[in-house]
Amino acid sequence: QVHVVESGGGLVQPGGSLRLSCVASGSSLFINSMGWHRQAPGKQRELVAGISRNSSTNYADSVKGRFTISRDNAKNTVYLQMNSLKPEDTAVYYCNAHYVNNMDYWGKGTLVTVSS
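Adding 3 to a residue's 1-based position in the sequence shown gives its number in my numbering.
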């Protein structure tokens, strides 16, 4: 059974930074892309950033220049460095791992609150 576990959320003031981490179980040989999505209250879940197996990245326009996604294949871990946080970044952040068998696995999410 595959497990995806996020960590690193919390309360931060506007302009601050947070680093989210996500670990996926199983061999890295079986994981293609990984990504971060978020869902704010009353809104649909949206893609924040994604990273392929060869570390090609893509970002939502709203976070470009502020967030950086990276991965450590040896550790089956993906990170999201979030800088210059804004109140509108407040959401539950979910990690996704896409495996070679075309299955997607999701974590339970970690809450990020940006508020003064």
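Glycine included, C-beta positions come from ideal geometry on N, C-alpha and C.
Here the structure is a predicted model, which means the values were calculated and not measured.
If you draw a straight line from the alpha carbon of residue i to that of residue j, how long is it in whole angstroms?
| i | j | result |
| --- | --- | --- |
| Gly18 | Gly29 | 36 angstroms |
| Tyr102 | Phe33 | 5 angstroms |
| Tyr97 | Tyr82 | 12 angstroms |
| Ser119 | Asn104 | 44 angstroms |
| Thr116 | Glu9 | 15 angstroms |
| Arg56 | Met106 | 15 angstroms |
| Thr113 | Ala77 | 23 angstroms |
Can the beta-carbon of residue i be found less than 9 angstroms from the beta-carbon of residue j?
| i | j | result |
| --- | --- | --- |
| Trp39 | Val26 | no |
| Ser65 | Gly53 | no |
| Ser58 | Arg74 | yes |
Measure how close the beta-carbons of residue i and residue j come, nearest whole angstrom, since I'm counting them as under 8 angstroms.
| i | j | result |
| --- | --- | --- |
| Val21 | Val15 | One detail in the question is off: residue 21 reads as Leu in this sequence, not Val. About 5 angstroms separates the two Cβ atoms, so the contact holds. |
| Ile160 | Thr60 | Summary: the structure shown does not reach residue 160, with the chain confined to residues 4 through 119, and so no result is reported for it. |
Per DSSP, which residues does residue i bridge with? Please list them.
| i | result |
| --- | --- |
| Gly45 | Gly45 is not bridged to any residue. |
| His40 | Leu50, Tyr97 |
| Arg22 | Gln84 |
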